[in-house]
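*Asks:* Residue numbers (our numbering): 465 to 1262. We put the beta carbon where it would ideally sit given N, CA and C, even for glycine.
#1: Alpha carbon to alpha carbon, how far is residue 1166 from residue 841?
#2: Between which residues of its own chain and residue 1191 is the CB-CB distance below 6 Å, once the five residues before and five after are set aside?
#3: With residue 458 as the anchor, note down where its beta strand (DSSP E) starts and where it stops.
#4: Could you give the first and the last residue of the continuous alpha helix (DSSP H) run that contains residue 761?
#5: Enumerate, from N- to C-terminal direction, the unbroken beta strand (DSSP E) stretches of 3 or more residues contained entirely within the segment 508-592.
#6: Can you tell me the Cβ-Cβ gap for residue 661 and residue 549, rounded? I've got them flagged as a contact below 8 Å.
#7: So, do the segment 690-701 and the segment 526-540 have three or more beta carbon pairs nearer to each other than 8 Å?
#8: Checking the sheet assignment: what are the DSSP bridge partners for residue 648?
#9: Under a Cβ-count criterion, where at least 16 other Cβ atoms within 10 Å of its own Cβ denotes burial, should residue 939 be classed as buried or exposed?
#10: Under 7 Å Cβ to Cβ from residue 961, same chain only, skipping five residues before and after it: list those, please.
#11: Spell out a yes or no on whether the segment 807-824 and the segment 1231-1246 are touching, meaning 3 or more CB-CB pairs, one atom from each, closer than 8 Å.
#12: Mind checking residue 1088: buried by the 16 CB within 10 Å criterion, or exposed?
#13: Which term fits residue 1168, buried or exposed, when burial requires 16 or more other beta carbons within 10 angstroms of its beta carbon?
#14: Can you check which of these residues, 888, 821, 672, is closest to residue 1270 by C-alpha distance?
#15: Flag this pair as yes or no: are the beta carbons of residue 528 and residue 648 separated by less than 9 Å?
#16: Please report how far the alpha carbon of residue 906 lies from the alpha carbon of residue 504, in whole angstroms.
#17: Which residues does DSSP pair with residue 954 in a beta bridge?
#18: Helix, strand or coil, according to DSSP, for residue 787 in the structure here?
#19: Are at least three pairs of beta-carbons, each pair with one atom in the segment 851-858 and one in the segment 740-750, less than 8 Å apart?
#20: Could you check if residue 861 belongs to the surroundings of the ligand COA, using beta carbon to heavy atom distance under 8 Å?
#21: Starting from residue 810, trace the alpha helix (DSSP H) in both directions and tell me its first and last residue.
#22: Report, in whole angstroms, the separation of the C-beta atoms of residue 915 and residue 1250, which I expect to be a contact under 8 Å.
#23: Which one of 607, 630, 610, 541 has the shortest CA to CA distance from residue 577?
#24: Which word fits residue 1262, buried or exposed, when buried means at least 16 other C-beta atoms lie within 10 angstroms of its C-beta?
#25: Taking residue 1205 as the reference, which of 861, 884, 1157 has the closest Cα?
#26: Note down the Cα distance separating residue 761 from residue 903, rounded to an integer number of angstroms.
#27: Could you have a look at residue 974 and say whether DSSP puts it in helix, strand or coil?
#28: With burial defined as no fewer than 16 other Cβ atoms inside 10 Å of the residue's Cβ, what is the status of residue 470: buried or exposed?
#29: Give me, in chain order, the residues of the same chain whose beta-carbon lies closer than 7 Å to that of residue 1068; leave out the 5 immediate sequence neighbours on both sides.
#30: If you drop the 5 nearest sequence neighbours on each side, which residues of the same chain put their C-beta closer than 7 Å to that of residue 592?
#31: Here's the rule I'm using: 16 or more other beta-carbon atoms within 10 Å means buried, otherwise exposed. How should residue 651 be labelled?
#32: Specify, as a first and last residue, the run of the alpha helix (DSSP H) that residue 1033 falls within.
#33: Are the Cβ atoms of residue 833 and residue 1120 separated by less than 9 Å?
#34: Report buried or exposed for residue 1040, applying the criterion of at least 16 other Cβ atoms within 10 angstroms of its Cβ.
#35: Does residue 692 come within less than 9 Å of chain C when only Cβ atoms are used?
#36: Quick one: Cα of residue 825 to Cα of residue 801, how far?
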């Protein structure tokens, strides 16, 4: 007996050694939470958004909304400025701005506003330089200078007596309050701080440092001002830090729930601890090996890929249950442990191996998709299935053989008897009402086919983010208060130098404004309108200068205070004018929208339409017009990206479903050595189950998101299991009905454990995982129903 157990001891020790090495590597397992990790390759919207992220950081810029109960606008802005100063004092922040800085004001006063006749829109220049409008405007300026808000107004007025600022000051996320210079929300109830975090290779680490810095700065601001300050922050690094923590907790919650549920079912079924421990230990070791392999690959797991453990738990228990059930039967028949285990694998191995190959094939088809997390998940599950198969023999089998002296093989439990009775009842109904069962199955399949056309697709990447994410409230507040959110887009122009890039940006801005877009661009106030100097040379500028001097004199305002705008008008009248601005002279707030490297200069132009105007991002006609201005233009837009992903999902569902079906059919055909009738019979349950699941999903308004895309390949790989065991068992038991009756207990248990494993995703806080998990759970139950009832009804009477 001892000699017979020696190979099993060595197998178990070798498996445990590999497991120990895999466990050591888990500390290096990373979860990728950046949006770039979700983007498909070789698609225009995705490539443009990837360019945006690479060149300008995209969502890397963090927006902090500051509120103070009962505070007026001046105190709000003061709190934002103090907070920004406190943040800049930390190592986590490179730049923070709570109001127009001294550099901004100096640039406005010295360069941008005095140069406004060269850069403002044509209609604005015509109206501001009209001699008849100048005197009333200076009178209004005099009134404002005497108001309580006159101090800040005077700062800009001396450079802009004709009021070009309203056409040139940025809007949208930078709602500049003319009284305080702060960034105030539309209702004046919140202020905005714009933060550029200190970069780093680990976005999650950057986000964690920034969260700590925000709390430290908030506390310091409260102490300094003696008020309570509330913050809401949103941005890429914060999402990364929060997502990473949420996904780790989410993974623990779903795995814990499914593990406990599966363990209880196995205990009730086998009536002893050894068999459940062997099955779960095999799966746990297989998952551990897969995670270790993922670490060795060196690539972090995406938000979608972290679900591989729950998927493998739902899939992997099937192999152990079928082997252990047969092993238990053989042991009760008197075979010794080693012989019983080898015989159990020999009798169930063909069906198990074919089932594993069909699952691997179905997930291999995911590599043909366009969605990187889906491809990654496919490779992980393929590796996991192979690992669990190996662990089921080396760990599970060895454990059962080495613990054969325990009382694990006691009398059948209530669940054993109940599942056996359920199987016999289902087979009896299928055989007794053969024609009715087949007719109902055909009607249900035809109805499902008719409904599948109603499936809807969504490319909203927020489905991969927890529905109660702490940053969502901040995101909504940002959209409502500052018009900054996922509906905004960014156009990126590229030129050989700064003036050429400004000219392109000015043309793009003009085009977007013609469509009714709200635009924030570095070209505003910097880019000269072509031909404007010639248009203003001579009398147009000279007349405006004369009238401005006269109006200032009549209002008792000193001409010397307005020397810069008057000098520009005089220069324009003389046919010269101020020289072009250089990027190095610009303040950091504008330099953030400019990138100059080598022979290329890129400018970012942010724009947005009224909510709902472009629900899928800039339409094709707009993109064509922009491309006519600059063929190299990139337009980064979350709605556009979502629309592109939605179309890819629809294409992938058809493509991946077809590839998965082809792989499954080929594997089953080879399993039955080319016998078409046996192959078709084995495919009946899974074919009906997949069809009915998609039909039900369409009937109840299912939206196919990036995770729901996996439903068809998953069900094809999982659902074939019961049909394979039934048709392979027919050779041993004589008929499909008898084979299903005998193997029905294991079929029911494997289906319930699989449904429980995927159903545990209902506890997930990620909508895509929750909906997809429930759909797969329902689909596996429908495949079982078709196996127990429909398959025996399909067998011809002898």
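*Replies:* With the structure as the only source:
#1: 22 Å
#2: 1142, 1145, 1146
#3: What is shown of the chain runs 465 to 1262, which leaves residue 458 out entirely.
#4: 738-761
#5: 526-531, 557-561
#6: Contact flag wrong, Cβ pair sits at about 16 Å.
#7: yes
#8: 655
#9: buried
#10: 1065
#11: no
#12: exposed
#13: buried
#14: Nothing about residue 1270 can be reported from this structure: the residues present for the chain run from 465 to 1262 only.
#15: no
#16: 38 Å
#17: 1070, 1100
#18: helix
#19: yes
#20: You won't find the ligand COA in this model; it holds no ligand whatsoever.
#21: 801-828
#22: Incorrect: roughly 18 Å between the Cβ atoms, too far for contact.
#23: 630
#24: At residue 1262, the pLDDT of 41 sits below 50, so the modelled position is not reliable; the number obtained from the coordinates is stated separately. Exposed, by the Cβ-count rule.
#25: 884
#26: 50 Å
#27: helix
#28: exposed
#29: 520, 954, 956, 1057
#30: 626, 627, 628
#31: exposed
#32: 1027-1037
#33: yes
#34: exposed
#35: Protein chains in the displayed structure number just one, and chain C is not present.
#36: 33 Å
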